[in-house]
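What follows is a set of notes on a single structure, which appears directly below.
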Amino acid sequence: MKKLNALTLLFVVLFPVFAMVVASLAFESSIHEAIVVTYAITPEDDSMTNPHYKLLAFHWYTTISYWINPSNRYGFSTTAVVNTIKTSANTWDVETSFQVFNYKGTTYRTAGRRDGYNIVSWGYYYQPGVIAVTYIWYSGSQVIETDCRMNSYFKWSLSGQAGKMDVQNIMTHEFGHWCGLADLYGDVDYWLTMYGYADYGETYKRTLGLGDVNGLEAVYGP
Numbered sequence: 002m003k004k005l006n007a008l009t010l011l012f013v014v015l016f017p018v019f020a021m022v023v024a025s026l027a028f029e030s031s032i033h034e035a036i037v038v039t040y041a042i043t044p045e046d047d048s049m050t051n052p053h054y055k056l057l058a059f060h061w062y063t064t065i066s067y068w069i070n071p072s073n074r075y076g077f078s079t080t081a082v083v084n085t086i087k088t089s090a091n092t093w094d095v096e097t098s099f100q101v102f103n104y105k106g107t108t109y110r111t112a113g114r115r116d117g118y119n120i121v122s123w124g125y126y127y128q129p130g131v132i133a134v135t136y137i138w139y140s141g142s143q144v145i146e147t148d149c150r151m152n153s154y155f156k157w158s159l160s161g162q163a164g165k166m167d168v169q170n171i172m173t174h175e176f177g178h179w180c181g182l183a184d185l186y187g188d189v190d191y192w193l194t195m196y197g198y199a200d201y202g203e204t205y206k207r208t209l210g211l212g213d214v215n216g217l218e219a220v221y222g223p
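Under the numbering used here, the first residue of the sequence shown carries the number 2, and numbering increases by one thereafter.
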């Protein structure tokens with residue numbers, strides 16, 4: 002087995018919309034113009050005509066086998082959790098001829114530890130303003146392992162319920178990172194799945210826009 006000499010861990014986080022101004026001020030010195038402070042969000046969904054996307058510097062070169070830990074404090078059944086998260090993964094898979102995801106089953110393992118398993122689970126994250134975090138271990142341009150933790154600090158829903166984060170909405174966005182796409186923070190990109198903020202009761206990220214599909218195909222082909 003080839004030993005990986007330079008393995009790096011990246012955290013990709015999703016912020017709530019109400020943290021936009023705070024996040025902009027906090028990150029301005031390190032990210033410069035990556036986060037826009039003046040907002041001009043298009044009132045109507047223009048995702049099907051917006052071609053924008055941004056790629057991470059690394060991605061999976063093989064099909065991603067992943068496991069789901071359905072344990073939660075919200076009363077969701079295992080079947081409901083698994084079906085919802087699988088739907089999020091399949092949203093990306095149907096847009097390319099390459100098989101990106103392969104669901105392997107449920108597990109008691111939790112996200113955030115490099116253990117040879119790609120895990121989706123709930124759990125508390127030390128930064129309460131973060132909705133979800135994707136952990137990416139990579140070497141060079143190749144991803145070695147990926148996990149996603151949905152922050153238990155928030156209330157969650159499987160049906161787009163007001164006042165709660167929607168699992169399918171958030172996980173479709175997070176799986177975009179697994180596919181090699183980066184967050185977008187420009188106001189013009191608000192309606193795309195890979196827009197880097199989300200809100201309670203939001204569901205529009207469940208479906209991909211033109212830019213999201215363009216980014217996926219840039220990595221895996223049509």
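For each residue, glycine too, the CB sits at the ideal point set by N, CA and C.
For this session: Report buried or exposed for Ile-65, applying the criterion of at least 16 other Cβ atoms within 10 angstroms of its Cβ.
Result: buried
Exercise. From this set, Gly-212, Thr-50, Asp-184 and Met-172, which residue's C-alpha is nearest Ser-122's C-alpha?
Worked result: Met-172
For this session: Determine the DSSP secondary structure at His-53, reduced to helix, strand or coil.
Result: coil
For this session: Evaluate Arg-115 with the Cβ neighbour count: other Cβ atoms within 10 Å of its Cβ, from every protein chain shown; 16 or more gives buried, anything less gives exposed.
Result: exposed
Problem set entry | Thr-63 to Val-101 span [Cα, whole Å] | 7 angstroms
For this session: Pick out whichever of Ser-72, Leu-185, Phe-99 and Gly-202 has its Cα sitting closest to the Cα of Leu-56.
Result: Leu-185
Problem set entry | Exposed unless 16 or more other CB atoms sit within 10 angstroms - verdict on Gly-181 | buried
Exercise. Going straight from the alpha carbon of Tyr-205 to that of Val-168, what length do you get?
Worked result: 12 angstroms
Exercise. Where does Lys-87 sit, in a helix, a strand or coil, going by DSSP?
Worked result: helix
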